[in-house]
Structures are given as C-alpha cells and as structure tokens.
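Participant: In the order they appear, the protein sequences are chains A and B. Under this note's numbering, the residues of the first sequence are numbered -3 to 171, in order. Under this note's numbering, the residues of the second sequence are numbered 38 to 229, in order. One structure, pasted below without further comment.
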Amino acid sequence: MFDLFRTFLQIGLFTIGGGYAMIPLIEQKVVDEKHWVDHDELVDLIAVAQSCPGIFAVNISIFIGYKQRGVWGAFLSTLGACLPSFLIILLIAFAFMQFRENPWVEKFFKGLRPAVVALIASPVFRMAKSSHINRYNIWIPILSAFAIWLIGVSPIYIILIAGISGYAYGQYLKD
Amino acid sequence: MVVLLLKLFWTFFLIGLFGFGGGYAMISMIQTEVVTHQHWMTMGQFTDIVAVSQSTPGPIGINSATYVGYTAIVNAGYDPLWGILGSFIATFSVVFPSFVLMLIISKFLMKYKTHSAVENTFQGLRPAVVGLLAAAALLLMNEENFGNISETPWQFWISIGLFSFALIAHRIYKTNPIAIILLCGLTGMLLF
Chain A
-3 MFDLFRTFLQ IGLFTIGGGY AMIPLIEQKV VDEKHWVDHD ELVDLIAVAQ SCPGIFAVNI
57 SIFIGYKQRG VWGAFLSTLG ACLPSFLIIL LIAFAFMQFR ENPWVEKFFK GLRPAVVALI
117 ASPVFRMAKS SHINRYNIWI PILSAFAIWL IGVSPIYIIL IAGISGYAYG QYLKD
Chain B
38 MVVLLLKLFW TFFLIGLFGF GGGYAMISMI QTEVVTHQHW MTMGQFTDIV AVSQSTPGPI
98 GINSATYVGY TAIVNAGYDP LWGILGSFIA TFSVVFPSFV LMLIISKFLM KYKTHSAVEN
158 TFQGLRPAVV GLLAAAALLL MNEENFGNIS ETPWQFWISI GLFSFALIAH RIYKTNPIAI
218 ILLCGLTGML LF
C-alpha cells in the first residue's frame, strides 16, 4: 500500500509540464516496473482519464490505486500524486511574497507573461485537430470562446450546454 | 474568513466537477471564476501563477489550485499561515469530485466507454473545450500582461515579440516550455 503512495509521489515530483508529460513516466513505473496494469489497459485508462473531469494524472492515480488496494489505495495514490505539488507551490508562494517588490523579479515576470499566454494559445490548434474540428462544427469553439471572452459567460455553463446538446443531438436528431 | 474558505471550496469543487479537457482547459475555468467573477486577484497575478504552475513539478491543475487558494487568502488581508489552509481547501476540493467519479467509473470501466449516450455527450463537449482554451488565451491578452500601445509602447512591442517567439518555439520547434519561460523572463530583466 505504501508502495502506491511512493510510486505516485515520484511521478508527481519528477514530471514538469502537466498531464501529458507524465504519461511516459507513468508507463515506466506502473507498467514496466510494478506491473500494476498492462500496456493495453493503460491505453484504455488514458482514454477514460481524459474524458473524465478533473486532473488527468490524478485520475490515473485514483484508478490504479483503486485497482490495487480499493478505496484506501486510491486515496494514498492520490495523496502521493498531489503532495509534491502542494509543498513546492507553498514554498514558492512564501518565497515570492518576499521578493514580489524586487524590481528584477518584477521585470522577470513582465517578460515571461507574454510567453505564458503563447503557451496557452499554442495547444488550441493541436486540440482543434484532435477533436476533429471541421467546417460544420467550427462554430462551436468560436461561439464558446466569444461567449466567455466578451460576455463573461462561465465556462461551466458552456461545458454543461455542450454536453447536453451533444447528447440530445446524437440521441434524437441524428438520422 | 469562513465565507471566503467556503467560497474557495465551492468554486474549486465546481472546477473539479466540470473541468473537462485537461489542465489548460481547467485554467480557463479557474481564470473566469477567480479573476472575473470573484475578484480574488488581478489578471497579472493569475498569469504569474500559471507561469509558476507550468514550470514546477506536478500537474498544472493541482499547482494552480494550491497557488490560487493561497493567494486568495493572502490578498484578502489574512496571515500567510492561513494561506496554507486556503491552499489545502482549494486542492482538496478540486480533486474530490474526480475522486468520487473515478471510483464509480473504475467499477464499470469498459461498459461506459463505448456507450452511445456517453459518446454523444463527448461529441458536443470536445469542440467546446477547444473554445474554452481559446477564451483563456484571449482573456490573458490584456494591458496588464502586454502593456499599452500608446502609454508603454516599449513594453507593448517587446511583449508582442516575446509572445510570437514563444508561440513559434513551442508550436514549430517543440521547445521545452520551461526553457521558453526562463528565456523570456531573462529577456524581460534585460529589456524592461
């Protein structure tokens, strides 16, 4: 049981760049070293974790923990995956408080802000491709983006409306 | 204090529950709720949080929840030690909904995946998530992050340059995001 905690602690600690960057490390630890799931199971698991709400890597840790040791296993894996983030960020937050007024730190953050915006804009195109956006459904992302950007609609409503409409369209309208 | 903590819990609970499409799509939700609706911090502070979340270990969703929880409490004028409680509540409540959901789904894993109702729902969700991501980027393209074209033209044009550089480096050359962030930060130190 402690093994689950330790493994996901390592996964949480050594991956930078978010969910998808974690897949290779998860594969190495969980499939190749521990044999908790096999390759095919992991592929299915990735698909499920992606289509569930919440944090991708955490979703994977919950599933694997549950499969190994039930609810407590899931709890410990999740704790392991979240703990490094939590501690590191708190440390940075404390430190940043001290240096916030420093002009060099201010300039550093002024310079990186445009880069952060670019890094958020960048996956839009890749995701448009992988979500099969074409000329028949391109109005959906455009309308959603403008509703949030210009009118200030909460993304939560967009998700709810999109999910319900997709369901209704597929069940009752298509063919 | 208690009201703020309850609001943090509820906000991040909703973000965890409706946060489809991974960390970046989640950032769009956190941004709308935390900056636009609740006014817990400025767009600039939020951008800094995203930068730190991207360049430190761990999932971006967890990192930003932890940081936002802390900042919201400290910005409201409370002691930084209370900020730890804010961090804990935000992180716990963003994970909690998927914890319960994943446990349920773990039991019926294969049955769910190919069910037509689930598939249809996602047919609608996927394009919307792309829109969410675009909105997050558009909302961040403001004066606070880029400067003003007439008042601070120097900062504005350098910001545009850094933005273009980062976009090209990431899209075309697949440069590591942390390297991009560090490089742009250092350029800022030299030029601003």
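Even glycine gets a Cβ: it sits at the ideal position worked out from N, Cα and C.
Consider the Cβ of B:ASP116: report whether some Cβ of chain A lies at a distance smaller than 9 angstroms.
Facilitator: As a working note, residue 116 of chain B is residue 79 in the second sequence. No, no contact with chain A.
Participant: Span of the alpha helix (DSSP H) holding B:HIS74?
Facilitator: On the second sequence, position 37 is the one that residue 74 of chain B refers to. B:HIS74 -> no alpha helix (DSSP H), and no H or E assigned at all.
Participant: Between the alpha carbons of B:THR93 and A:ILE85, how many angstroms are there, rounded?
Facilitator: Reading the second sequence from its first residue, position 56 is the one you call residue 93 of chain B. Reading the first sequence from its first residue, position 89 is the one you call residue 85 of chain A. So the alpha carbons of these two residues sit roughly 8 angstroms apart.
Participant: For the region 172 to 196 of chain B, enumerate the residues whose C-beta is nearer than 9 angstroms to any C-beta of chain A, in chain order.
Facilitator: Those residues of the region 172 to 196 of chain B that come within reach of chain A (Cβ to Cβ, closer than 9 angstroms) are ALA172, ALA173, ALA174, LEU175, LEU176, LEU177, MET178, GLU181, ASN182, PHE183, GLY184, GLN192, ILE195, SER196.
Participant: Contact criterion: CB-CB distance below 9 angstroms. Does A:PRO119 meet it with respect to chain B?
Facilitator: On the first sequence, position 123 is the one that residue 119 of chain A refers to. Judged by the 9 angstroms Cβ criterion, A:PRO119 is in contact with chain B.
Participant: Counting C-beta neighbours from all protein chains within 10 Å, is the total for A:ASN98 16 or more, i.e. buried, or is it exposed?
Facilitator: As a working note, residue 98 of chain A is residue 102 in the first sequence. Under this definition A:ASN98 is an exposed residue.
Participant: Please state whether DSSP places B:PRO94 in a helix, a strand or coil.
Facilitator: Here residue 94 of chain B is taken as the residue at index 57 of the second sequence, counted from 1. B:PRO94 falls in the strand class under three-state DSSP.
Participant: Express the C-alpha separation of B:ALA172 and A:PHE142 in angstroms, rounding to a whole number.
Facilitator: Looking up residue 142 of chain A in the first sequence gives position 146. Looking up residue 172 of chain B in the second sequence gives position 135. If I take the Cα positions, the gap works out to 7 angstroms.
Participant: Looking at A:LEU115: is its Cβ nearer than 9 angstroms to the Cβ of B:ILE217?
Facilitator: Within the first sequence, the letter at position 119 stands for residue 115 of chain A. Within the second sequence, the letter at position 180 stands for residue 217 of chain B. Yes, they are a contact pair.
Participant: If you check the beta carbons only, do A:PHE90 and B:PRO214 fall under 9 angstroms apart?
Facilitator: As a position in the first sequence, residue 90 of chain A is number 94, starting the count at 1. As a position in the second sequence, residue 214 of chain B is number 177, starting the count at 1. Not in contact: A:PHE90 and B:PRO214 (Cβ atoms no closer than 9 angstroms).
Participant: Under 9 angstroms, Cβ to Cβ, is there at least one residue of chain A near B:ILE142?
Facilitator: By 1-based counting over the second sequence, the position of residue 142 of chain B is 105. Yes, because at least one Cβ of chain A sits closer than 9 angstroms to the Cβ of B:ILE142.
Participant: Does A:GLN46 have its Cβ less than 9 angstroms from a Cβ in chain B?
Facilitator: By one-based count along the first sequence, residue 46 of chain A stands at place 50. Yes, A:GLN46 counts as interfacial toward chain B.
Participant: On the three-pair Cβ rule with 8 angstroms, is the region 156 to 165 of chain B touching the region 151 to 163 of chain A?
Facilitator: The answer is yes - the region 151 to 163 of chain A touches the region 156 to 165 of chain B, with three or more Cβ pairs under 8 angstroms.
Participant: For A:GLY162, which residues in chain B fall below 8 angstroms Cβ to Cβ?
Facilitator: Against the first sequence, residue 162 of chain A aligns to sequence position 166. Within 8 angstroms Cβ-Cβ: ASN157, THR158, PHE159, GLN160, GLY161, LEU162.
Participant: In or out: A:ALA43 buried (at least 16 other Cβ within 10 Å) or exposed?
Facilitator: Stepping through the first sequence from its first residue, residue 43 of chain A is reached at position 47. A:ALA43 is exposed by the Cβ-count criterion.
Participant: If contacts are defined as beta-carbon pairs under 8 angstroms, then B:PRO134 and A:GLY50 qualify, I think. What distance do you get, rounded to the angstrom?
Facilitator: On the second sequence, residue 134 of chain B is found 97 positions in, with the first residue counted as 1. On the first sequence, residue 50 of chain A is found 54 positions in, with the first residue counted as 1. Rounded, the Cβ-Cβ distance is 6 angstroms, consistent with contact.
Participant: Step through the CB atoms of chain B and report whether any lies within less than 9 angstroms of the CB of A:ARG109.
Facilitator: Within the first sequence, residue 109 of chain A is the residue found at index 113, counting from 1. Yes, A:ARG109 lies at the interface with chain B (some Cβ there is under 9 angstroms from its Cβ).
Participant: Buried or exposed: which applies to B:VAL40, given that a residue is buried once 16 or more other Cβ atoms fall within 10 Å of its Cβ?
Facilitator: In the second sequence, the residue the question calls residue 40 of chain B occupies position 3. Exposed, by the Cβ-count rule.
Participant: Mind listing the chain A neighbours of B:HIS207? Cutoff is C-beta to C-beta under 8 angstroms, in chain order.
Facilitator: Sequence index remark: in the second sequence, residue 207 of chain B carries index 170 (1-based). Going along chain A in sequence order, the residues near B:HIS207 (Cβ under 8 angstroms) are ALA114, LEU115, SER118.
Participant: Less than 9 angstroms separating the beta-carbons of A:LEU0 and A:THR11?
Facilitator: Your numbering for residue 0 of chain A matches position 4 in the first sequence. Your numbering for residue 11 of chain A matches position 15 in the first sequence. Contact flag unset, no.
Participant: Leaving out five residues on either side along the sequence, give the residues of the same chain with a beta carbon under 6 angstroms from the beta carbon of B:GLY98.
Facilitator: For the purposes of this step, residue 98 of chain B is taken as residue 61 along the second sequence, with counting starting at 1. Excluding positions up to five away in sequence, the list reads GLY60, MET63.
Participant: Checking 9 angstroms against the spacing of the C-beta atoms, do A:ALA111 and A:SER140 come in under that value?
Facilitator: Residue 111 of chain A sits at position 115 when you count from the first residue of the first sequence. Residue 140 of chain A sits at position 144 when you count from the first residue of the first sequence. No. Outside cutoff.
Participant: Can you give the Cα-Cα distance for B:PHE49 and B:ALA102, rounded to whole angstroms?
Facilitator: If you number the second sequence from 1, residue 49 of chain B lands on position 12. If you number the second sequence from 1, residue 102 of chain B lands on position 65. Cα to Cα, the separation comes out at about 8 angstroms.
Participant: Say whether the region 32 to 43 of chain A touches the region 56 to 63 of chain A, bearing in mind that this needs 3 or more beta-carbon pairs closer than 8 angstroms, one atom from each stretch.
Facilitator: The answer is yes - the region 56 to 63 of chain A touches the region 32 to 43 of chain A, with three or more Cβ pairs under 8 angstroms.
Participant: Classify B:GLN192: buried if its beta carbon has 16 or more other beta carbons within 10 angstroms, exposed otherwise.
Facilitator: The sequence position of residue 192 of chain B within the second sequence is 155, counting from 1. That one is buried.
Participant: Give the residues from the region 122 to 133 of chain B that approach chain A closer than 8 angstroms (Cβ to any Cβ), ordered along the chain.
Facilitator: Cβ contacts with chain A come from SER124, PHE125, THR128, VAL131, VAL132.
Participant: Could you tell me the boundaries of the alpha helix (DSSP H) in which A:PRO110 lies?
Facilitator: As a first step, residue 110 of chain A must be located in the first sequence, where it is residue number 114. 99 to 126 is the span of the alpha helix (DSSP H), which, as asked, contains A:PRO110.
Participant: Return the first residue and the last residue of the alpha helix (DSSP H) that A:TYR62 is part of.
Facilitator: Position 66 of the first sequence, counted from the start, is the residue given in the question as residue 62 of chain A. Segment 52 to 95, the alpha helix (DSSP H) holding A:TYR62.
Participant: Under 9 angstroms, Cβ to Cβ, is there at least one residue of chain B near A:TRP100?
Facilitator: Start at 1 with the first residue of the first sequence, and residue 100 of chain A comes out as number 104. So yes, A:TRP100 belongs to the interface.
Participant: Pick from B:TRP194, B:GLN75, B:PHE55, B:ASN100: whose alpha carbon is nearest that of A:GLY107?
Facilitator: Position 111 of the first sequence, counted from the start, is the residue given in the question as residue 107 of chain A. It is B:TRP194 whose Cα lies nearest to the Cα of A:GLY107.
Participant: Given that a residue counts as buried once 16 or more other Cβ atoms are within 10 Å of its Cβ, and exposed if not, what is A:SER126?
Facilitator: Within the first sequence, numbered from 1, the residue matching residue 126 of chain A stands at position 130. That one is exposed.
Participant: From B:LEU138 to B:GLY198, what does the alpha carbon distance come to, in whole angstroms?
Facilitator: On the second sequence, position 101 is the one that residue 138 of chain B refers to. On the second sequence, position 161 is the one that residue 198 of chain B refers to. C-alpha separation (whole angstroms): 43 angstroms.
Participant: Would B:PHE136 pass as a contact of A:LYS103 if the rule is Cβ separation under 9 angstroms?
Facilitator: On the second sequence, residue 136 of chain B is found 99 positions in, with the first residue counted as 1. On the first sequence, residue 103 of chain A is found 107 positions in, with the first residue counted as 1. Against a cut-off of 9 angstroms, the Cβ pair of A:LYS103 and B:PHE136 comes out as no contact.
Participant: Does A:TYR168 pass the burial test, meaning 16 or more other C-beta atoms within 10 Å, or should it be called exposed?
Facilitator: For the purposes of this step, residue 168 of chain A is identified with residue 172 of the first sequence, where counting begins at 1. Exposed.
Participant: Report the residue from A:HIS35, A:ALA53, A:MET18, A:MET93 whose alpha carbon sits nearest the alpha carbon of B:TYR104.
Facilitator: In the second sequence, counting from the first residue as 1, residue 104 of chain B sits at position 67. Ranking A:HIS35, A:ALA53, A:MET18, A:MET93 by Cα distance to B:TYR104 puts A:MET93 first.
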